[in-house]
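A quick write-up on the structure given underneath.
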Amino acid sequence: MTVVVRFPPSPTGFLHIGGARTALFNWLYSKKYKGRFVLRIEDTDLERSTEQSVQAIFDGLEWLQLDYDDGPYFQTKRMDRYREVIDQLIERGQAYYCYCSKEELDELRTQQREQGLKPRYDGRCRQRSPVPDVQPVVRFKNPLEGEVIFDDQVKGKIEISNTELDDLIIARSDGVPTYNLTVVVDDMDMGITHVIRGDDHVNNTPKQINILKALGVSPPIYAHVPMILGQDGKRMSKRHGAVSVTEYRDQGYLPHALLNYLVRLGWSHGDQELFTLNEMIELFDIKDVHKSAAVFDPEKLLWVNYEYIKSSTVEDLKQHATRHFSDAGITVDSMDNWKDILGINQDRSKTLVELVQRSRFFYIPPEEYDQKAVKKHFKAPALQTLKSLRDQLAGLDTWEAESVHGAVHKIADQMNLKLGQVAQPLRVAVAGVPVSPPIDATLTILGQEETDRRLHKAIEFIEQNVQ
Ligand code: GLU
């Protein structure tokens, strides 16, 4: 049997963290069993679905490189098919028109409450003749007896008595099919073998199984994945930080780092934290997903991202960081030694945005100097230090870490200064701030001429601004 899974988001917002994890679990499952991954856009709610949300879902999946084998299908393009199935169910006596007015249903509910019963539709229209001038809804004839039993791959055996379920509406009075109907028709038509989804849908499953059975189809295997909670134990929402996948992209996360973090939300393999994609595919199994809810920890995500940035090749970093560099007006390979720039900063940067901040001064000379740094490191004595340094550096025949290192030490010795008293003004002069990778490596990458130009500018600045 070929495994066929699906990701069916409703395009009523961006692709959020929970949706991305569901997509990932399905994707991994399809890869593991060499199956197919179907993308289906559940856009029947015309009031809430938007084009932008559809695009945001595509963008999110593309960025995460969760590719699909089939689709995207749009439910709005399949309305005739849903109608066909609804008519078929009516013809076979498995569904019926319901003419109950809102008032009638309200009254039924009140009565049931008064009698201490759980409010549910009592099936009175199963026998009713058409009521003139009323646009009826269509209800599914749920079996009156027996049980729905399914073996959830995460939660274990789930059993629910049919007396707990009522005749659910499968088409509204305007003819629009409801979620439970469209999902069933699609899962059937698309040959879905495994439904892996959030456990907010677990209550829909018995209803969907009953409809599938009425249609003569055996239900897929279900796996309901627990929710993602914020650290306060409440369901993950905006309050807990970014929830949209593309926001993480914009904040400088690597797609694989996010995937790695997401796979561990509710699943584990011993105490291993970092997984290559192939390891994820090999080791992940839906049966091993935890029963309890997972807690989203932004600090851990940041750590995972840092680990990925550190171990990336510079070519990969370049590919992912290009959008962030261009946001800062920088073309990464406009410097011949861009590999050295990324290489020297990668084990200091927790995000790609930070990587850009740390790399920026290599590309763009400081337009101004950090004010605090000026006060601290550009005091009057720094003028002579920088002048001597400039001469010393300009006179070097070879420009490499060792010779630069030697020059900085020589000036410190000659002027009887601590190394920091030389290196810090020099840093501010070349970087604008007193933070940079080791100064010898920094200057080596910057080049002899550029270092000289920046020292010259800093000297002028001190002469004009510091007494
Ligand atoms: N469109 C539904 C949602 O986004 C999908 C539910 C399902 O997987 O059946 O929640």
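Counting in our numbering, the sequence shown runs from 42 upward without gaps.
No residue lacks a Cβ here, since even glycine has one placed at the ideal position from N, Cα and C.
Residue i, DSSP secondary structure in three states
i, result
"His310", "coil"
"Phe55", "coil"
"Ala212", "strand"
"Ser259", "coil"
"Leu149", "helix"
"Pro218", "strand"
"Val474", "coil"
"Phe191", "strand"
"Arg509", "In the structure as shown, the chain starts at 42 and stops at 508, and residue 509 therefore has no counterpart that could be examined."
"Cys139", "strand"
"Ser285", "strand"
"Tyr123", "helix"
"Ser278", "coil"
"Val224", "helix"
"Val179", "strand"
"His331", "coil"
"Arg81", "strand"
"Leu107", "coil"
"Glu205", "helix"
"Leu270", "strand"
"Gly112", "strand"
"Val507", "coil"
Residue i classed as buried or exposed, judged by whether at least 16 other C-beta atoms fall within 10 angstroms
i, result
"Ala464", "buried"
"Ala529", "Any property of residue 529 remains undetermined from this structure, which presents the chain solely from 42 to 508."
"Ile190", "exposed"
"Gly307", "buried"
"Lys351", "exposed"
"Thr63", "buried"
"Val304", "buried"
"Ser400", "buried"
"Met42", "exposed"
"His331", "exposed"
"Val175", "exposed"
"Leu342", "buried"
"Thr317", "exposed"
"Ala421", "exposed"
"Asn457", "exposed"
"Asn346", "buried"
"Arg290", "buried"
"Leu87", "exposed"
Same chain, Cβ closer than 8 angstroms to residue i, five either side skipped, listed in chain order
i, result
"Thr223", "Glu83, Thr85, Gln116, Arg119 and Tyr123"
"Glu188", "Glu200, Ile201, Ser202 and Asn203"
"Asp374", "Lys359"
"His450", "Leu460"
"Glu323", "Lys73"
"Tyr114", "Val79, Leu80, Arg81, Ile82, Asp227 and Met231"
Nonlocal neighbours in the same chain, by C-beta distance under 6 angstroms from residue i, ignoring five residues either side
i, result
"Ile371", "Tyr404"
"Ser477", "Arg468 and Thr483"
"Trp540", "The structure shown does not extend to residue 540, since the chain is modelled only from 42 through 508, so no value can be given for it."
"Gln153", "Pro160"
"Asp111", "Arg77 and Val79"
"Asp207", "Arg161 and Tyr162"
"Val126", "Val226"
"Ala453", "Leu460 and Val463"
Beta carbon of residue i nearer than 7 angstroms to that of residue j
i, j, result
"Ile237", "Ile131", "no"
"Ala435", "Val286", "no"
"Pro296", "Trp104", "yes"
"Lys380", "Val355", "yes"
"Ala423", "Pro475", "no"
"Phe325", "Leu69", "yes"
"Val45", "Ile233", "yes"
"Val179", "Ile211", "yes"
"Thr485", "Ala448", "no"
"Gln135", "Lys182", "yes"
Cβ neighbours of residue i in the same chain (closer than 7 angstroms, five flanking residues each side left out)
i, result
"Ser390", "Ile350, Leu396 and Arg399"
"His361", "Leu295 and Leu393"
"Arg276", "Met268 and Leu270"
"Ala470", "Leu427, Arg495, Leu496 and Ala499"
"Leu65", "Leu107, Leu300, Leu303 and Val304"
Pick out every residue whose C-beta is nearer than 6 angstroms to a heavy atom of the ligand GLU: which are they, in chain order?
-> In chain order, the residues with a C-beta atom nearer than 6 angstroms to some heavy atom of the ligand GLU are Pro49, Pro50, Ser51, Glu83, Val224, Arg238 and His242.
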